[in-house]
Amino acid sequence: MTSLPPLPSSFTDPTLLSTLQTFLKTHAQTTCFTPAITVAEKTAYVDRIVQGLRDESGTWSQDVFTHVLSVLRILLRESVGCDALYSVEGTKLLVLHAGLGSNAYQPTPHTTEGLKCLCNVLLHYPAARGVVWELGGVEKCVEIIKDGGLASEPTFLIFRILFLATVERQVVQTVLKNGIVGILTERLERLVKAPVEGMELMVLNEILKLVFNISDEETDCTGLVPPILDLLRSYPLPTPPLSPPISHAIHTLLHFPTHHDIWFPNDDYTLLRKFVDILEETVGVHGEDAEEEVRVGGVLLDESCSPLVLVLVGVARGDVHARAVMRDWIMPNDIDRSQPLDKGTTLTARLIRYMTSITYPNLRQAVSELFFILSNESPETLVSYIGYGPAAGFLYNRGLLPSGGPAPTEDIDPITGEFSAQKADEEWKAMSEEEREREAEKLFVLLDRLNRTGVIKAVPRLG
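In the numbering used here, the protein residues as written are 991 to 1453.
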C-alpha cells in the first residue's frame, strides 16, 4: 500500500533529510499515488514541500535541495494533487531552482533535478511555457547549450525544455533570434559522425523534435537539412525501422523542400531507396486485411507510417527525376496483372489496399496522393494503372473523376487493374458444358430482372 512518510513540522529540522531519503527509497518506482492515498492527502503533502522550498530553505545544504526536488519530481509523475507546481508561482520557483534565473547557470545535482521537475510541469501545464519565456528562461536555455562541454543529462533536459516551450509561436521567434539554428546544426553534425546510444541518443531525439517545432514555411532552417539527411543515410535502422531517431528525422523533412543536389547528390538515390525499403518493411506487418488495426512499436500504423509517405509525396512532387525513379519501384510497368493489383504481398499491392481503408484515414490519403503524383497528377494515368476501384474515392474527393470514366485499356479490367480477358477465358475453358449453361441462364435471369425494374432497358435493333 502506498504511504507517504510524515514530514517534520519545520523544514529546518535535522530529520528532514532522512525523511526525504525514506521517501525516495520507498517510491523510486512509484508512478501513481492515488487512490491509495486521497487527492487531498497528496495535495497537502505537495503543498507543504513547496512551501518549505519557498520559505524555509535558507539554511539548506545542496544535498537537501537535491533531495527535495527529487521528491517533487516523483510526485509529479502523477499530475493530480500537484496544483502548487502547476501554477505561475510554482513555475517561477522551479525556474529558479533549475538554474534558469538571472544568476549564472551551474550544472549541479540541484539544478539538474530542478530541470527535471520543470520538464514535467511544462508537459502537463501549458501555461508554464509562457511563464518560462517571460522570465527569460528560454533565452537562458539557448545560452546554456552553446557550451559544447555540458554533460549529456543537463543537455538533454535543456533541449527538452526548448522542445516543450517552442509549441508556442512567440518562443520559436525567441530561439531563432538567439541563433538556435546554428547551434542545432553544429550539434547534429557532431552526433551523426558516429552511432550514438544512451543519453547521447536521447539528446539527438530531443534535437530532432525541436527542429520539427521551429522549422516551417516562415523560418529559414535549411542549414539543418544536410546533417539530417546524413543521419538518415548512415544511421543503422532500428527495430521497427520507424523508431527514434529515424522517425523523428523523417518528421523534420516534412517542413523542408526537396533540392536535388542536397538530397540526391550526383543522382545518388540511395536515400530514396532506403525510404522505400523502410516503407515496405513497415507496411509488411499487415496481412491482406487493410482494416485490421495494427500497431508498430506501440504506435498505430496510421500515425507512424503516414509521415514517411508524405515525405515521399514531397520528394515526388518537388523532384521529377526522383519521381521517375520512385515510379519504377512503386508502379513498375511489368507488374503482375494475373490478379487484382490489391492482392498479394508486394509493396504496390499493400499500398493500393490502403487507398480504400477506413481504419487508416491518414495513410489512405497519403498513399492516394503518392500514387497520384507518381501518375504525373493525371487521373486517367492513375486509373489505367491501378484500376478505377481503388482510385475512385480519392479522385471523387478531389473533384477529378474522369468525365468519361476510366479509359479502356486492352485486356485490363478497368475496376481492378488485372488482366480480364485472359482470366475470363481461362475460367470459361475450365467449365463443363453444364456449368456454362448454368452461367448463361443466370446471366439471362439477371438481365431480365434489370430490364423489368427499369435499371436497363432492352431496345430492339433497327435495320
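All C-beta atoms in this analysis are idealised placements derived from N, C-alpha and C, irrespective of residue type, glycine included.
Item to complete: Please list, in chain order, all residues of the same chain as Ser1358 whose beta carbon is under 7 Å from its beta carbon, the five residues on each side excluded.
Response: On the sequence shown, position 368 is the one that residue 1358 refers to. So the list reads Met1345 and Phe1384, once near-sequence residues are dropped.
Discussion item. If I measure Cβ to Cβ from Pro1185 and keep anything under 8 Å in the same chain, skipping five residues before and after, which residues do I get?
Written reply: Residue 1185 sits at position 195 when you count from the first residue of the sequence shown. Hits under 8 Å: Tyr1225 and Pro1226.
Fill in: Extent of the continuous alpha helix (DSSP H) run through Phe1146
Working through the sequence shown from its first residue, we reach residue 1146 at position 156. Bounds of the alpha helix (DSSP H) holding Phe1146 are Ser1142 to Ala1155.
Worksheet item: Applying the criterion that 16 or more other CB atoms from any shown protein chain within 10 Å of the CB defines a buried residue, is Lys1167 buried or exposed?
Response: On the sequence shown, residue 1167 is found 177 positions in, with the first residue counted as 1. That one is exposed.
Discussion item. Please classify His1238 as buried or exposed, where buried requires at least 16 neighbouring CB atoms within 10 angstroms.
Written reply: Working through the sequence shown from its first residue, we reach residue 1238 at position 248. With 16 or more other Cβ atoms inside 10 Å of its own Cβ, His1238 counts as buried.
Practice prompt. Could you check what DSSP says for Val1286 in three-state terms: helix, strand or coil?
Written response: Position 296 of the sequence shown, counted from the start, is the residue given in the question as residue 1286. In the structure shown, Val1286 adopts extended strand secondary structure according to DSSP, grouped into three states.
Worksheet item: Mind checking Gln1057: buried by the 16 CB within 10 Å criterion, or exposed?
Response: The residue you call residue 1057 lines up with position 67 of the sequence shown. It should be pointed out that residue 1057 corresponds to His in this sequence rather than to Gln. Classification for His1057: buried.
Worksheet item: Is the beta carbon of Thr1102 less than 8 Å from the beta carbon of Leu1174?
Response: Mapped onto the sequence shown, residue 1102 falls at position 112. Mapped onto the sequence shown, residue 1174 falls at position 184. Taking 8 Å as the cut-off, the Cβ atoms of Thr1102 and Leu1174 do not count as close.
Fill in: Distance between Pro1097 and Pro1144 (C-alpha atoms, nearest Å)
Within the sequence shown, the letter at position 154 stands for residue 1144. Within the sequence shown, the letter at position 107 stands for residue 1097. Looking at the two C-alpha atoms, the distance is approximately 7 Å.
Worksheet item: Which of the three DSSP states, helix, strand or coil, is assigned to Pro995?
Response: As a first step, residue 995 is located in the sequence shown; it is residue number 5 there, counting from the start. In this structure, Pro995 counts as coil in the three-state DSSP scheme.
Practice prompt. Kindly give me the distance between the Cβ atoms of Arg1343 and Asp1332, rounded to whole angstroms, as I take these residues to be in contact under 8 Å.
Written response: Walking along the sequence shown from the start, residue 1343 turns up at place 353. Walking along the sequence shown from the start, residue 1332 turns up at place 342. That belief holds up - the Cβ atoms of Arg1343 and Asp1332 are roughly 5 Å apart, short of 8 Å.
Fill in: Contacting residues, own chain, Cβ-Cβ under 8 Å from Pro1297 (five flanking each side not counted)
In the sequence shown, residue 1297 corresponds to position 307, counting from 1. Ser1237, Ile1240, His1241 and Leu1244, listed in sequence order.
Worksheet item: Among the residues of its own chain, which have a CB less than 6 Å from the CB of Leu1221, if the five just before and after it don't count?
Response: What you label residue 1221 is simply residue 231 of the sequence shown in a count that begins at 1. Hits under 6 Å: Val1182 and Ala1239.
Practice prompt. Locate the alpha helix (DSSP H) running through Leu1505, then write down its first and last residues.
Written response: One cannot answer for residue 1505 here, as it falls past the ends of the chain, which runs 991 to 1453.
Worksheet item: Where does Glu1328 land, buried or exposed, given buried means 16+ other C-beta within 10 angstroms?
Response: Taking the sequence shown and counting its residues from 1, one reaches residue 1328 at position 338. For the record, residue 1328 in the displayed sequence is Ser; it is not Glu. Ser1328 comes out exposed.
Worksheet item: Leaving out five residues before and five after Pro995 in sequence, what residues of the same chain have Cβ atoms less than 6 Å from its Cβ?
Response: Locating residue 995 in the sequence shown gives position 5, counting from the first residue. Excluding residues within five positions, the ones whose Cβ falls inside 6 Å are Thr1009, Thr1012 and Phe1013.
Fill in: Closest residue to Phe1091 among Phe1001, Glu1425, Pro1369 and Glu1133 (Cα-Cα distance)
In the sequence shown, the residue the question calls residue 1091 occupies position 101. In the sequence as presented, Phe is not what sits at residue 1091; that position holds Gly. Ranking Phe1001, Glu1425, Pro1369 and Glu1133 by Cα distance to Gly1091 puts Glu1133 first.
Discussion item. I need the straight-line Cα distance from Ala1306 to Val1215, nearest angstrom please.
Written reply: Looking up residue 1306 in the sequence shown gives position 316. Looking up residue 1215 in the sequence shown gives position 225. Using only the alpha carbons, I get a separation of about 18 Å.
Discussion item. If you measure between the beta carbons of Ile1363 and Arg1313, is that distance less than 8 Å?
Written reply: In the sequence shown, the residue the question calls residue 1363 occupies position 373. In the sequence shown, the residue the question calls residue 1313 occupies position 323. At the C-beta level, Ile1363 and Arg1313 come within 8 Å of one another.
Worksheet item: In chain order, what residues of the same chain have a beta carbon less than 6 Å from the beta carbon of Cys1211, not counting five sequence neighbours either side?
Response: Position 221 of the sequence shown holds residue 1211. Closer than 6 Å at Cβ, skipping near neighbours: Val1171 and Ser1205.
Worksheet entry | Beta carbon of Leu1066 nearer than 8 Å to that of Val1085 | On the sequence shown, position 76 is the one that residue 1066 refers to. On the sequence shown, position 95 is the one that residue 1085 refers to. Judged by their CB atoms, Leu1066 and Val1085 are not nearer to each other than the 8 Å cut-off.
Worksheet item: What's the gap between the Cα of Arg1426 and the Cα of Pro1322?
Response: Residue 1426 sits at position 436 when you count from the first residue of the sequence shown. Residue 1322 sits at position 332 when you count from the first residue of the sequence shown. Taking the Cα positions, Arg1426 is about 36 Å away from Pro1322.
Worksheet item: What's the gap between the Cα of Ala1280 and the Cα of Trp1253?
Response: Within the sequence shown, the letter at position 290 stands for residue 1280. Within the sequence shown, the letter at position 263 stands for residue 1253. The C-alpha of Ala1280 lies about 32 Å from the C-alpha of Trp1253.
Discussion item. Can you tell me where the alpha helix (DSSP H) holding Asp1332 begins and where it ends?
Written reply: Within the sequence shown, numbered from 1, the residue matching residue 1332 stands at position 342. Per DSSP, Asp1332 lies in no alpha helix (DSSP H) and is assigned neither H nor E.
Worksheet item: Does Pro1228 come within less than 8 Å of chain B when only Cβ atoms are used?
Response: The displayed structure is made up of one protein chain only, and chain B is not part of it.
Worksheet item: Does the distance from the CB of Leu1112 to the CB of Leu1083 come in under 8 Å?
Response: Along the sequence shown, one-based indexing puts residue 1112 at 122. Along the sequence shown, one-based indexing puts residue 1083 at 93. Taking 8 Å as the cut-off, the Cβ atoms of Leu1112 and Leu1083 do not count as close.
Worksheet item: Leaving out five residues before and five after Val1445 in sequence, what residues of the same chain have Cβ atoms less than 7 Å from its Cβ?
Response: Position 455 of the sequence shown holds residue 1445. With a pLDDT of 43 at Val1445, under the threshold of 50, the modelled position of that residue is not reliable, and no figure is offered here.
Practice prompt. Would you grab the beta carbon distance between Val1036 and Ala1088 for me? Rounded to a whole angstrom, and I think it's under 8 Å.
Written response: Here the question's residue 1036 lines up with position 46 in the sequence shown. Here the question's residue 1088 lines up with position 98 in the sequence shown. Contact between Val1036 and Ala1088 is absent: CB atoms are separated by about 18 Å, not below the 8 Å threshold.
Worksheet item: Would a C-beta distance cut-off of 8 Å place Ala1356 and Leu1300 closer than the cut-off?
Response: Taking the sequence shown and counting its residues from 1, one reaches residue 1356 at position 366. Taking the sequence shown and counting its residues from 1, one reaches residue 1300 at position 310. For Ala1356 and Leu1300, yes; Cβs fall inside 8 Å.
Worksheet item: Skipping 5 residues on each side, what residues in its chain have a beta carbon closer than 6 Å to that of Cys1072?
Response: Here residue 1072 corresponds to residue number 82 of the sequence shown, with the count starting at 1. Here Cys1072 has Val1036 and Leu1066 as same chain residues with Cβ atoms under 6 Å from its own Cβ, once five neighbours each way along the sequence are excluded.
Fill in: Residue of Thr1260, Glu1282, Leu1360 and Glu1283 minimising C-alpha distance to Gly1304
Counting from 1 along the sequence shown, the entry for residue 1304 is found at position 314. The closest CA to that of Gly1304, considering only Thr1260, Glu1282, Leu1360 and Glu1283, is found on Leu1360.
Worksheet item: At what residues does the alpha helix (DSSP H) containing Glu1293 begin and finish?
Response: In the sequence shown, the residue the question calls residue 1293 occupies position 303. Counting along the chain, the alpha helix (DSSP H) containing Glu1293 begins and ends at Leu1291 to Gly1308.
Worksheet item: Buried or exposed: where does Phe1434 fall if 16 or more other Cβ atoms within 10 Å of its Cβ makes it buried?
Response: The count along the sequence shown starts at 1 and reaches residue 1434 at position 444. Answer is exposed; the Cβ neighbour count stays below 16.
Worksheet entry | Beta carbon of Trp1319 nearer than 8 Å to that of Val1266 | Taking the sequence shown and counting its residues from 1, one reaches residue 1319 at position 329. Taking the sequence shown and counting its residues from 1, one reaches residue 1266 at position 276. Yes, the Cβ-Cβ distance between Trp1319 and Val1266 is below 8 Å.
Discussion item. Under DSSP, the alpha helix (DSSP H) around Lys1015 begins and ends at which residues?
Written reply: Position 25 of the sequence shown, counting from 1, holds the residue named residue 1015. Element bounds for Lys1015: Leu1006 to His1017.
Worksheet item: Using CA coordinates, which residue listed in Thr1020, Ile1325 and Val1315 is at the minimum distance from Asn1366?
Response: Within the sequence shown, numbered from 1, the residue matching residue 1366 stands at position 376. Cα-wise, what sits closest to Asn1366 is Val1315.
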